[in-house]
Amino acid sequence: MDKNGNTGIKTVFLDRDGVINRRIMDGYVTCKEELEILDGVPEALRILTDAKYRIVVVTNQRGIALGLYNASTLAHIHDYLNQVLRQYGVRLNEFYFCPHDRQENCLCRKPKAGLIDQANEVSTVHFKNSYLIGDSDTDLLAGRARHLRVIKIGPIETVIPEARFDNLLEAAKAIAADQIPE
Numbered sequence: 004m005d006k007n008g009n010t011g012i013k014t015v016f017l018d019r020d021g022v023i024n025r026r027i028m029d030g031y032v033t034c035k036e037e038l039e040i041l042d043g044v045p046e047a048l049r050i051l052t053d054a055k056y057r058i059v060v061v062t063n064q065r066g067i068a069l070g071l072y073n074a075s076t077l078a079h080i081h082d083y084l085n086q087v088l089r090q091y092g093v094r095l096n097e098f099y100f101c102p103h104d105r106q107e108n109c110l111c112r113k114p115k116a117g118l119i120d121q122a123n124e125v126s127t128v129h130f131k132n133s134y135l136i137g138d139s140d141t142d143l144l145a146g147r148a149r150h151l152r153v154i155k156i157g158p159i160e161t162v163i164p165e166a167r168f169d170n171l172l173e174a175a176k177a178i179a180a181d182q183i184p185e
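Take 4 as the starting number for the sequence shown in my numbering and just add one per residue.
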């Protein structure tokens with residue numbers, strides 16, 4: 004519990020495609036061979052881990068609804084991602100995904116905050132001291148719904164974030180240095 008009576012674990016929520024790995028334009032990562040980790044990601048995760056953040060992936064995976072891959076394949080992709088990251092001495096703590104199509108109106112598909120809520124049920128999040136880093140407005144809106152500080156990777160669209168960076172490494176350095184405004 005902090006001095007304000009807040010409890011929970013400080014957490015960094017990360018979108019996957021476009022933040023951790025290269026986004027496949029108009030496509031989906033359907034197997035581990037298509038997963039290309041972006042430069043600086045292992046170092047960024049080391050910085051966040053050293054700063055005692057829980058690192059959680061929250062990702063929309065519409066490709067499952069489209070029948071391009073299934074939840075088991077996605078689990079293998081995420082296992083592979085952590086296997087590669089372990090070579091650098093880091094890992095992603097948890098993965099939460101939405102398998103639904105846009106029109107299904109589920110609670111887990113970003114911009115709704117259901118994936119964040121799922122993570123909070125597993126281990127209570129200290130929302131005031133937590134962040135969501137994404138590359139789209141839907142990511143940022145999900146974070147805003149739970150009063151997280153939101154950080155945009157890439158150009159700003161409609162939603163104005165607390166901060167914007169070109170990559171995860173820049174964002175991680177700013178978080179660790181407590182340079183993101185509330």
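Note that beta-carbon positions come from the ideal geometry of N, C-alpha and C, so glycine has one too. Given the structure is predicted, the values throughout are model-derived calculations rather than measurements.
query	result
Tell whether a beta-carbon distance below 8 Å holds between R221 and N170.	The structure shown does not extend to residue 221, since the chain is modelled only from 4 to 185, so the question has no answer here.
Taking the Cβ atom as the reference point for each residue, do R1 and Y134 lie within a distance shorter than 8 Å?	Nothing about residue 1 can be reported from this structure: the residues present for the chain run from 4 to 185 only.
Could you tell me whether the Cβ atoms of N85 and L77 are closer together than 8 Å?	no
By DSSP's criteria, F100 is part of a beta bridge. Which residues make up the other side?	T62
If you check the beta carbons only, do L143 and P164 fall under 8 Å apart?	yes
How long is the line joining the alpha carbons of V60 and I119, rounded to whole angstroms?	9 Å
Using the DSSP secondary-structure output, state which residues sit across from F130 in a beta bridge.	DSSP lists no partner for F130.
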